[in-house]
Amino acid sequence: MNQRVLPNMDFSAYVDSGRFSRPGRLRVLDQLARLQTERSRVSRAVECGQRVAARILGRGTIAINRNMALEVPSWRTLESIRNSGTIGQLAVSLPNNTIVMENGLRMTSIWHFDGLDPEVRLVLSAEDPAAYFFGYAPVQMKIVDNAEVFLDGPTIRGEPTVIAVRDAACLDAARGYWEAVRSTMYPCAAEAPAIESLSERQRRVVTLMLTCPSDEQIARRLGVSVRTVRTEVAAVLDLLDAPTRFVAGVRLREYLSAVIA
Numbered sequence: 001m002n003q004r005v006l007p008n009m010d011f012s013a014y015v016d017s018g019r020f021s022r023p024g025r026l027r028v029l030d031q032l033a034r035l036q037t038e039r040s041r042v043s044r045a046v047e048c049g050q051r052v053a054a055r056i057l058g059r060g061t062i063a064i065n066r067n068m069a070l071e072v073p074s075w076r077t078l079e080s081i082r083n084s085g086t087i088g089q090l091a092v093s094l095p096n097n098t099i100v101m102e103n104g105l106r107m108t109s110i111w112h113f114d115g116l117d118p119e120v121r122l123v124l125s126a127e128d129p130a131a132y133f134f135g136y137a138p139v140q141m142k143i144v145d146n147a148e149v150f151l152d153g154p155t156i157r158g159e160p161t162v163i164a165v166r167d168a169a170c171l172d173a174a175r176g177y178w179e180a181v182r183s184t185m186y187p188c189a190a191e192a193p194a195i196e197s198l199s200e201r202q203r204r205v206v207t208l209m210l211t212c213p214s215d216e217q218i219a220r221r222l223g224v225s226v227r228t229v230r231t232e233v234a235a236v237l238d239l240l241d242a243p244t245r246f247v248a249g250v251r252l253r254e255y256l257s258a259v260i261a
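Quick look at the structure:
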């Protein structure tokens, strides 16, 4: 897979100019208040069985994830906001995202910078800079094909739900929130640490080693051959004076705790 790199982009400008301005944050919060009002209205209607252009996608984490996975192949565009995430979650979601983008999905994914641990930011910094961004994004949602928005729904029998909403007022509020968050975004790649002695590709390889268990997965994510990955892994281990991948990961984490924690 060829990475979709934004041409001639100086990532440092996004960071040096200030991460999130006060006007930008206020705009996001204003639009979020509007979205939450509409979400609550639709959520109550769904819970009470009233007629509304919305449906419950699933109840409970397992059912939500299963039903979401069934719907993804039919999507053409995805505008996603994530306010948190763990290394374990990324190890599952990032390879899946690569597959669906290879199959034609046009995705923009914005992650709430302040809601992520440094290690998670590091992993995201190695992802496609045309698809993965940091921003001021305190509440998660997904807009699919500009026609449906996925939001947290009512709690039913103690279990969380996700609602898929086509209600016009709620969808318009979601679009307003998306545009406000989008105005704060910058590529995750802008946060990539400059690791001494490692080339750009070697840095990406060592970062992907945190979530990809095999050379084949790393090769797929980078769009290079497995042989190339193995050559780079060997070079990384040598440069980090690490006898194994595990030791290389430990030393990378030690480095991160000193520079970006």
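Using the numbering used here, count along the sequence shown one by one with no gaps and you end on 261.
Ideal Cβ positions, reconstructed from N, Cα and C, are used throughout, including at glycine.
Residue i burial status per 10 Å Cβ neighbour count (16 or more: buried)
i    : result
E200 : exposed
V181 : buried
P213 : exposed
I62  : exposed
A54  : buried
C269 : This structure leaves residue 269 out entirely; the chain is present only between 1 and 261.
Q89  : exposed
P187 : buried
F113 : buried
G153 : buried
N96  : exposed
A234 : exposed
V42  : buried
Bridge partner(s) assigned by DSSP for residue i
i    : result
M107 : L78
F246 : Bridge partners of F246: none, in fact.
R59  : T161
V46  : DSSP, once it has assigned bridges, lists no residue as partnering V46.
M101 : None; M101 has no bridge partner.
I64  : In the DSSP output, where bridge partners are listed per residue, I64 has none listed.
Y186 : F134
M209 : None; M209 has no bridge partner.
Simplified DSSP state of residue i, which is helix, strand or coil
i    : result
E127 : coil
R51  : coil
D167 : coil
D238 : helix
F113 : helix
D152 : strand
M1   : Because the pLDDT of M1 is 33, which lies under 50, any placement of that residue in the model is unreliable, and the number read from its coordinates should be weighed accordingly. DSSP places M1 in coil when its eight states are reduced to three.
V224 : coil
V144 : strand
R230 : helix
S21  : coil
N96  : helix
P72  : Here residue 72 is Val; the residue named in the question, Pro, does not match the sequence. If DSSP states are grouped into helix, strand and coil, V72 belongs with the helices.
P193 : coil
Y14  : For Y14, the pLDDT reaches just 43, beneath the cut-off of 50, and the residue's location in the model is therefore unreliable, leaving the point undetermined.
G176 : helix
S299 : Since the first and last residues shown for the chain are 1 and 261, residue 299 lies out of range.
V139 : coil
Within 8 Å, strictly: CB atoms of residue i and residue j
i    : j    : result
V120 : G85  : yes
A189 : R34  : no
I331 : R59  : There is simply no residue 331 to check, as the chain begins at 1 and stops at 261 in what is shown.
A126 : R204 : yes
L105 : R76  : yes
V229 : A248 : no
D215 : V226 : yes
Y136 : F246 : no
L151 : R39  : yes
T184 : V123 : no
L26  : Y177 : no
heavy atom of the ligand MN below 7 Å from residue i C-beta
i    : result
A234 : This structure lacks the ligand MN; in fact it carries no ligand of any kind.
task = Flag this pair as touching only if the region 77 to 95 and the region 36 to 51 have three or more C-beta atom pairs under 8 Å; answer yes or no.
result = no
ask   = Are the region 97 to 114 and the region 159 to 167 in contact at 8 Å, needing three or more beta carbon pairs?
value = Flag = no, the region 97 to 114 and the region 159 to 167 do not touch.
ask   = Do three or more CB pairs link the region 142 to 155 to the region 125 to 132 at distances below 8 Å?
value = no
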